Amino acid sequence: MKRSRREKEAARGEITLGNGGGYDDCSILRLPEACLAHVISLLTPTDACCSSAVSSTFQAVASSDTVWECFLPPGYRSMLARADHPVDFTSTKKELFLSLAQDHILLDQGTKSFWLERTSGAKCYMLSSRSVTITWVDNPVYWRRIYLPDSRFEEATELLAVCWFDVFDSFECKELSPNKKYAAYLVFNLADESCGLGYCPTQEAFIYMGDQIVSAKRVVSFYPPTATQGTRLCSSDGGSDSGMDRRGDVDEGGGPAEDETIPVSYPSDRDDGWMEVELGEFYNHHGDIGEMVSIRLTEIVQLHWKKGIVFGGHGNKTEKLDMEQVITTGTKSRFVRLVEAT
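Note that UniProt numbering numbers the sequence shown so that position 37 is 37, with each residue one more than the last.
This is the structure in C-alpha cells:
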C-alpha cells in the first residue's frame, strides 16, 4: 500500500502524527528554545514576525527579548540616552523596536531625527538644517532662519537670494549600521517666487569618505523635468526675470541641454507635504571609528542667482539613505535624511 508523504516523514522521524493523522509535533519544535531563538535572530525582523504564525512555541520565541535584542542596533542604549525626551526601556524589546520603526526620536538638542528601518533594523537619520554647513548662512541678505512649529524640526533655513550655492555636511560612519548601502536625500520646499533652481550641469552633489568620492557624480534639479519655473532667470537683486535662465546650450524645449552620461536627480513629493531629491548612494562597510562620510551640494561655477528654496534637513536610509537639511532660496527645505537604500 502506498504511503502518503506525511507518513513517510513520520517514519523518518521528521514529524509525529496524531491519532487523526495530523501533525502533533515537528522535529524543529523539539529543539531547545535557546536554539530556536538563535535561528530566528538570524532572520530579518519581518521574517521573525512571520515565524510567529508557525506555532505557539514559535510565537513565544519569536517575540522574546532574546530575539529582538539582536534586531536593535549595537549601542542603542547609549544612543537613545541622547534623546531629547526620555525613552521607555521598560517595554519589551519587540515593542521598543516597533516604536523606533514607527516613529522618529529627536537627538542632540533637536538637531537629529533617528528611526529604524522596519524590515532590516538599519539606523536611519534626518539632520536638521541647523547642523549643516551653508556658505553665508549667517548673512541675512542671503539666508534666514524660519520657525516651523508643525515640522519635525521647528527651525528651517530659507534661501533669499544667492549665487554661490554651497551646502556641506559630514557625520561619523559609526553612527550608521555597518555593511549597509545608504542613500542620502535633501528634503525641501519651494516658495511661490522661486527661480534659478532647475537643471544646471554644474549644480552637483558629491558623497565622499576622506578624499575619495564614493558616489557617482550627479546633477541635482529642484524642479521636475517638466517644470518651467526652473528655467527662469533670477535677476541680480534676487527677483525673477521673465527671460530664460542663461546656462549655456538649451534643448528644443527651451531648457538647458542635459549630458546623458551624467545622472540627474529630480525631486519627488513626500507624504508630509515636502519634497525630496536624492544626492547619492554609498556603502557603509564597517563603520570604523573616526571615519567620516561627507555630503556636498554645490553650484559655484556658473554663479547664476538662485532663490526660493527652504531646507528642512538631510536624511539617510539604508538602500535609500536620506539626509535632510533645511535651506531656503525661494524654497523651503527641512533636512537631509540618510536611509538604507532599497
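Cβ atoms here follow ideal geometry from the backbone N, Cα and C, with glycine treated the same way. What you are looking at is a predicted structure, and each value in this text was computed from that prediction instead of being measured.
Taking 8 Å as the limit between beta carbons, can you name the residues of its chain near residue i, skipping five residues before and five after?
i	result
P267	F188, S221, F222, Y223, P224, M275, E276, V277
H104	S113, F114, W115, M126, R152
P149	none
For residue i and residue j, what's the separation of their Cα atoms in angstroms?
i	j	result
L36	S52	12 Å
residue 344	W143	Past the edges of the chain, shown from 1 to 342, lies residue 344, and the structure says nothing about it.
R296	F165	10 Å
V326	C124	Note that V326 scores 30 on pLDDT, short of 50, meaning its location in the model is unreliable and no value can be drawn from it.
A101	G290	27 Å
residue 343	Y208	Lying before the first or after the last residue shown, residue 343 is absent from the chain, which here runs from 1 to 342.
R130	F168	12 Å
F58	G110	40 Å
A161	E155	19 Å
T133	S265	22 Å
C195	H304	10 Å
P74	L176	10 Å
A83	D108	7 Å
N139	L96	43 Å
I28	S120	25 Å
T46	H38	16 Å
M79	V87	11 Å
K306	C70	47 Å
residue 343	Q302	Residue 343 is absent from the structure shown; the chain starts at 1 and stops at 342.
N284	R145	32 Å
P271	V310	Contrary to the premise, residue 271 reads as Asp rather than Pro in this sequence. Distance between the alpha carbons of D271 and V310: 17 Å.
Tell me whether residue i is buried or exposed, calling it buried when 16 or more other Cβ atoms sit within 10 Å of its Cβ.
i	result
R30	exposed
S56	exposed
R77	exposed
F153	buried
H85	exposed
Q203	buried
E33	exposed
Y182	buried
Y147	exposed
G210	exposed
L42	exposed
F282	buried
A81	exposed
V141	exposed
Give me, in chain order, the residues of the same chain whose beta-carbon lies closer than 7 Å to that of residue i; leave out the 5 immediate sequence neighbours on both sides.
i	result
H286	P178
P94	The sequence as given places Lys at residue 94; Pro does not occur at that position. Result list for K94: S63, W68, in chain order.
D263	Position check: residue 263 holds Pro in this sequence, whereas Asp was assumed. These residues qualify, in order along the chain: A216, R218.
T135	W164, D166
I40	A48, S51, V61, A62, V67
V54	none
V214	I207, Y208, F282
Please state if the CB of residue j and the CB of residue i are separated by a distance shorter than 8 Å.
i	j	result
S128	G273	no
K174	A122	no
L106	S99	no
E172	M292	yes
T90	D65	no
Taking the alpha carbon of residue i as the point to measure from, which residue in the options has its own alpha carbon closest?
i	options	result
D192	E158, T135, I134	E158
I300	V87, C200, P149	C200
L72	F206, T44, Y147	T44
D269	A205, L190, Q212, T298	L190
A184	K306, S294, D150, R145	S294
Excluding sequence positions up to five away, which residues of its chain have a Cβ less than 6 Å from the Cβ of residue i?
i	result
A205	R218, V220, L279, G280, L297
S170	M292, S294
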